[in-house]
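Each position in the sequence shown, counted from 1, maps to that position plus 5 in the numbering used here.
Taking it in order: structure first as structure tokens, then the write-up.
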Amino acid sequence: MEATGFCGMEVATRGLVGGSGSSSPPELDSPGSQEHLGMFELVSSCCSEEVRGETPGREDCPLDPNNAELDPGGGGGKIKDQKGLGKEVLLLMQALTTLASPEEKLAALCKKYADSLEESRSMQKQVKVLQKKQSQMVKEKIHLQSEHSKAILARSKLESLCRELQRHNKTLKDDNTQRSREYEERRKEATLHFQMTLNQIEVQMEQHNTHNSKLRQENMELAQKLKKLIKQYELREEHIDKV
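In structure tokens form, the structure reads like this:
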């Protein structure tokens, strides 16, 4: 009858600690689920031993690994299973052997389970927060990658435009240089032609001046001759009149 009440307390405690009235342990996918499962198995083991008339913490209870190693029979399999639960669970089982009554053991298990459940819920909240941050960071990464791709594309377009502008400027520079060279050549040709023409004009003017001087000299000589002829004619006329 005492064992039945003890197991009933254990089932009720599961409902209180779980918060939802369910006697099943947390999902195995959540953090700390293996530890919770181990604690449930530990409580069930204590209840089963109590029903069989065994009291956990005695020499026939396999909670103490040192005592269990002395039993090469069925107790060895339990120790192997318990070792599979983790080092912390084994330490808890060893700590339970120091408690006298099953109620104290159950209270210690319930407290440990409540702490583990609270820690699991806290870790789940942290995981959700981290997942949210991760999702946000992934979105930011995608956004930054998109902006980076746009920047690379814009830079590529700018580089292409710069190269095109450089080619255009080089073409304009070459055209201006060619035009300047051609203009300079034409200017030199025009200057040379003008100088040659001016020289020809000067030569012609000198020739004309020389010719004019000669003509003037000839005209003066002719005028002198004409004066002599006129004088001779007048003298002849006077002579004729006298005769």
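Beta carbons are placed, not taken as given, at the ideal position from N, Cα and C, and that holds for glycine.
Here the structure is a predicted model, which is why all the values come from computation and not from measurement.
For this session: Assign Met225 to one of two classes, buried (16 or more other C-beta atoms within 10 Å of its C-beta) or exposed (fewer than that).
Result: When all chains shown are included, Met225 counts as exposed.
Exercise. According to the Cβ coordinates, are Ala119 and Leu101 closer than 8 Å?
Worked result: The Cβ atoms of Ala119 and Leu101 do not sit closer than 8 Å to each other.
Problem set entry | C-alpha distance - Ser125 paired with Glu93, whole-angstrom precision | So the alpha carbons of these two residues sit roughly 15 Å apart.
Exercise. Which of the three DSSP states, helix, strand or coil, is assigned to Ala105?
Worked result: Three-state result, Ala105: coil.
Exercise. My guess is that Leu97 and Lys117 are in contact by the Cβ rule of under 8 Å, so how many angstroms apart are they, rounded?
Worked result: About 6 Å separates the CB atoms of Leu97 and Lys117; that is less than 8 Å, so the two are in contact.
For this session: Could you name the residues of the same chain whose beta carbon sits closer than 8 Å to that of His216, not counting the 5 residues immediately before and after it, in chain order?
Result: Within the same chain, His216 has no close Cβ partners at all.
Exercise. For Val248, which of helix, strand or coil comes out of DSSP?
Worked result: The three-state secondary structure of Val248, taken from DSSP, is coil.
Problem set entry | 6 Å Cβ shell around Phe199 - same chain, five flanking residues per side excluded | Closer than 6 Å at the Cβ level, and outside the excluded window around Phe199, lies no residue.
Exercise. Around the C-beta of Leu220, are 16 or more other C-beta atoms found within 10 angstroms, so that it is buried, or is it exposed?
Worked result: Taking all protein chains in view, the Cβ of Leu220 is surrounded by fewer than 16 other Cβ atoms within 10 Å, so the residue is classified as exposed.
For this session: Buried or exposed for Ser106, please, with buried defined as at least 16 other CB atoms from any protein chain shown within 10 angstroms of its CB.
Result: Classification of Ser106: exposed, given that the 10 Å Cβ count is below 16.
Exercise. Can you tell me whether Ser185 is buried or exposed, with buried defined as 16 or more other CB within 10 angstroms of its CB?
Worked result: It counts as exposed.
For this session: Measure the C-alpha to C-alpha separation of Leu122 and Gln129 and round it to an integer number of angstroms.
Result: Computed Cα separation, rounded: 10 Å.
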